[in-house]
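In what follows, a single structure is set out as structure tokens and then discussed.
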């Protein structure tokens with residue numbers, strides 16, 4: 001490289017042929033740059049200190065409003081609490097290292113604690129007077145008692161916003177009783193063949209694409225009350241009328257499964273879950 | 001409106017959602033960002049969480065307008081897509097509330113707060129919630145207790161006493177809501193608006209294609225394209241219908257004016273209050289961030305003028321922008337929309353501006369009083385009918401010639417001097433009374449001392465401020481006509497190009513010193529420069545120049561292009577051209593800013609972990625809102641410390657967002 005450079009210079013008749021490596025722009029003089037780690041910050045780095053730039057009135061007000069907004073939302077039932085698993089992987093080091101390194105989705109999920117009987121702190125779970133002032137840590141937002149507008153949500157979320165999304169427990173129960181049901185609904189897309197979704201999806205598939213008017217009517221019905229929908233549902237599956245009816249009734253009762261003391265439910269909850277982490281905790285998470 | 005979601009931006013959106021809406025929606029949003037459009041089942045599989053969790057998370061996201069969803073009518077399969085635009089705007093919530101408070105009063109702010117907290121709301125439930133919470137002193141968590149925020153309540157003209165207000169009736173709340181809709185801060189929400197623009201377009205496309213069963217050919221293609229664009233725009237404008245309906249009463253009517261001047265300070269009761277409620281109870285509303293951005297932009301520009309010219313001028317400019325923004329619905333108009341002509345931006349007249357000028361602004365200050373012969377009336381009153389061409393920053397030569405050529409009033413005389421003379425004469429004809437007023441400052445001063453200024457005098461002085469702005473090198477204002485004592489407009493694109501450079505310059509100067517800034521400015525002015533000529537041009541030592549250039553290249557602000565002079569690419573016979581790529585520097589700076597914001601939010605999380613015990617105490621419902629009484633000394637001090645840290649961190653995040661706004665959104 002350098003030899004050729006010299007030749008080139010000679011041919012051109014220019015004196016002082018500098019080799020290939022002379023005063024080139026990338027010939028970076030390392031004297032000016034700290035390559036090795038030093039005790040102090042490099043001179044060029046002058047971080048501005050927050051104390052030198054106090055917030056202006058408007059900025060302080062903006063921060064206050066943001067905090068107010070945050071508090072208002074955190075007090076609402078849609079907020080899902082941030083830290084639930086104090087011992088989970090990743091959180092223990094988070095004091096010094098806020099960036100959680102999680103490899104794979106499993107580890108990432110493990111950071112968010114599970115709320116189940118296994119994770120209850122025995123010292124604090126005894127009912128105390130002060131508990132009535134403390135918000136229960138939620139893992140799922142609670143849409144019950146909120147005003148929701150069905151027309152803005154896609155249909156497969158309607159159960160959720162009505163507060164009747166039971167995580168497919170009912171459907172699983174049904175499938176245990178009669179396997180034929182499952183095979184029928186599975187006629188369509190395999191992906192859609194998922195626990196509770198088969199109710200909604202399967203039904204519409206059989207009916208074929210619906211018109212706008214139909215959709216509007218259904219939205220109205222849903223807005224009016226869920227009881228009618230429950231009846232509709234039962235009508236459409238005449239062969240399983242019994243099953244469905246009793247199920248739907250169950251669903252729309254306020255306290256669907258008798259909490260922890262429902263002996264029939266007790267062992268049922270575990271085996272139909274989608275992921276492990278919900279196992280056994282299912283009933284504790286319903287509120 | 002469209003910007004790239006880089007890794008850092010995605011992380012920022014996720015953190016913001018986690019901060020405000022909790023962990024479940026943020027997890028779902030993270031996956032939506034990283035894997036694109038997905039169905040519920042796909043989300044569950046990728047996140048390896050239960051379907052039930054996914055559905056609940058999605059429901060919250062839909063409630064807060066953070067996802068688009070689209071249900072295919074044939075397969076009835078629903079697809080969700082992240083709406084990063086809304087997610088990023090979470091960071092501006094505080095600022096927007098402050099802005100609404102400042103411009104439209106306490107009540108408006110409360111309404112916007114309610115809508116913001118619940119994503120979207122029915123008019124009826126806003127009224128209910130408002131009436132329920134009214135009377136109760138607003139959750140003044142930090143405002144009163146935080147020492148750093150303590151001064152808030154003192155010099156706040158509108159924070160004086162919320163309790164003194166008379167009882168508010170539902171009518172008045174609806175009135176306030178209608179006013180906000182007319183301004184554009186709240187917008188009616190329809191299910192269509194929760195579909196992504198692409199989905200709407202493809203659906204329209206599919207619908208219209210039914211008219212051509214045999215496919216498109218030749219001319220039909222173009223026709224079809226325009227029909228699709230028009231239908232999409234029609235769908236988009238459907239939500240504007242209510243706004244249009246309310247505008248005459250609330251923006252242009254007499255009531256609106258009174259309200260503006262009173263600045264929401266108990267200035268209630270305009271004509272519409274007596275009529276039936278102007279909006280139906282069932283209308284769904286959400287916050288329109290595009291319009292909010294316009295308001296924030298006004299605020300930011302006022303700050304710039306405050307820094308560059310002076311306080312009084314900034315106030316006048318604020319009034320001008322307020323008048324102008326009535327005619328603007330978003331910061332960066334859609335280039336495909338042909339109803340907006342870039343050559344003819346909306347203008348405001350002096351009289352309109354004067355209506356928006358607060359009575360408390362003393363327009364007689366802020367400008368020096370030179371003697372009449374020092375003022376060149378010709379150039380001061382110069383009218384520029386066309387926006388400056390946006391190629392260079394600050395070369396004035398081009399505009400005049402261009403303007404006079406295309407000026408329809410000009411009698412085919414392209415001579416520049418003649419053109420200016422023409423304007424001068426025209427001005428003399430129309431505003432004979434004002435030119436002496438401009439020069440004879442002494443007279444004005446006397447009358448001010450004697451009997452106080454009249455309205456006309458005030459308006460004249462205000463006009464002087466606008467002229468000062470028009471004359472400054474940065475194109476804050478363009479004097480675009482002479483109707484109604486002068487028409488004014490702002491060429492936002494040109495203006496923000498300059499302001500972007502200003503911000504970048506500040507960053508460069510802070511990082512590389514004055515020499516670095518000088519080199520970059522030279523490059524920006526001259527384009528690509530050979531590294532041999534650069535030192536002579538910059539009047540610097542060759543070694544110093546190289547050092548600086550390489551330093552800046554490593555930081556990504558500059559780049560070098562090699563152009564060999566002959567076939568064998570020898571270094572000695574190669575030209576090295578340095579150049580400054582504006583676009584790349586901008587995106588890079590933006591990404592770094594997102595990163596900084598991410599770090600601040602992470603830090604906030606760490607700090608709240610550290611003070612976990614005290615915070616869990618504060619969250620108790622019996623302590624919330626009265627921390628000072630309920631907490632004991634030590635605990636309260638600790639809480640104060642946390643609030644201090646929090647306000648610093650969040651304050652810094654919002655300052656960084658100011659930078660992002662200037663570089664990207666305005």
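Residue numbers (the UniProt record's numbering), protein chains in the order written: chain V, 1 to 287; chain A, 1 to 666.
Note that CB positions come from ideal geometry on N, CA and C, so glycine has one too.
Please read all numbers here as calculations on a predicted model, not as lab measurements.
CB contact check: residue i to chain A, cutoff 8 Å
i: residue 72 (chain V); result: yes
i: residue 52 (chain V); result: no
i: residue 124 (chain V); result: no
i: residue 195 (chain V); result: Its pLDDT being 39, under 50, residue 195 (chain V) is placed unreliably by the model, and nothing is read from it.
i: residue 61 (chain V); result: yes
i: residue 119 (chain V); result: no
i: residue 65 (chain V); result: yes
i: residue 162 (chain V); result: no
i: residue 79 (chain V); result: yes
i: residue 127 (chain V); result: no
i: residue 105 (chain V); result: yes
i: residue 137 (chain V); result: no
i: residue 110 (chain V); result: no
Interface flag, residue i vs chain V, CB-CB below 8 Å
i: residue 259 (chain A); result: In this prediction, residue 259 (chain A) scores a pLDDT of 46, lower than 50, which makes its location untrustworthy; the coordinate-derived value is nonetheless stated afterwards. Judged by the 8 Å Cβ criterion, residue 259 (chain A) is not in contact with chain V.
i: residue 307 (chain A); result: no
i: residue 668 (chain A); result: This structure cannot settle anything about residue 668 (chain A), because the visible part of chain A is limited to 1 through 666.
i: residue 345 (chain A); result: no
i: residue 619 (chain A); result: yes
i: residue 98 (chain A); result: yes
i: residue 35 (chain A); result: no
i: residue 239 (chain A); result: no
i: residue 458 (chain A); result: no
i: residue 157 (chain A); result: Caution applies to residue 157 (chain A), whose pLDDT of 43 falls short of 50 and renders its modelled position unreliable; the value that the coordinates give is listed next. No - not a single Cβ of chain V is within 8 Å of the one on residue 157 (chain A).
i: residue 63 (chain A); result: yes
For residue i, the nearest candidate out of the options (CA to CA)
i: residue 354 (chain A); options: A:369, A:319, A:333; result: A:319
i: residue 147 (chain V); options: A:533, A:215, A:60; result: A:60
i: residue 486 (chain A); options: A:466, A:611, A:635; result: A:466
i: residue 61 (chain V); options: A:30, A:93, A:619; result: A:93
i: residue 654 (chain A); options: A:597, A:321, A:54; result: A:597
i: residue 623 (chain A); options: A:609, A:610, A:608, A:639; result: A:639
i: residue 127 (chain A); options: A:501, A:202, A:369, A:177; result: A:177
i: residue 345 (chain A); options: A:190, A:330, A:459, A:58; result: A:330
i: residue 53 (chain V); options: A:662, A:649, A:661; result: A:649
For residue i, the first and last residue of its enclosing alpha helix (DSSP H)
i: residue 454 (chain A); result: Element bounds for residue 454 (chain A): n/a, residue is neither H nor E.
i: residue 585 (chain A); result: 582-610
i: residue 286 (chain A); result: Counting along the chain, residue 286 (chain A) falls outside any alpha helix (DSSP H), though it belongs to the beta strand (DSSP E) covering 284-287.
i: residue 657 (chain A); result: 633-660
i: residue 704 (chain A); result: Lying before the first or after the last residue shown, residue 704 (chain A) is absent from chain A, which here runs from 1 to 666.
i: residue 535 (chain A); result: 533-538
Range covered by the beta strand (DSSP E) that runs through residue i
i: residue 579 (chain A); result: 574-579
i: residue 480 (chain A); result: 478-481
i: residue 559 (chain A); result: 559-564
i: residue 546 (chain A); result: Here residue 546 (chain A) belongs to no beta strand (DSSP E); instead the alpha helix (DSSP H) covers 542-554.
Collapsed DSSP secondary structure at residue i in the structure displayed
i: residue 80 (chain A); result: strand
i: residue 486 (chain A); result: coil
i: residue 505 (chain A); result: helix
i: residue 72 (chain V); result: helix
i: residue 121 (chain A); result: strand
i: residue 715 (chain A); result: Past the boundaries of the shown model lies residue 715 (chain A); chain A is included only from 1 to 666, so the question cannot be answered.
i: residue 186 (chain A); result: strand
i: residue 69 (chain A); result: strand
i: residue 279 (chain A); result: coil
Under 8 Å by beta carbon: chain C residues contacting residue i
i: residue 116 (chain A); result: Looking at the structure shown, chain C is missing, and the protein chains on hand are V and A.
Would you list, in chain order, the members of the region 9-27 of chain A that have their beta-carbon closer than 8 Å to a beta-carbon of chain V?
18, 19, 20, 21, 22, 23, 24, 25, 27
Taking only beta carbons into account, state which residues of the region 184-197 of chain A come closer than 8 Å to chain V, listed in chain order.
189, 191, 194
Residues from the region 464-497 of chain A in contact with chain V, defined by Cβ distance under 7 Å
none
When you check each C-beta in the region 576-590 of chain A against every C-beta of chain V, which residues fall closer than 7 Å?
576
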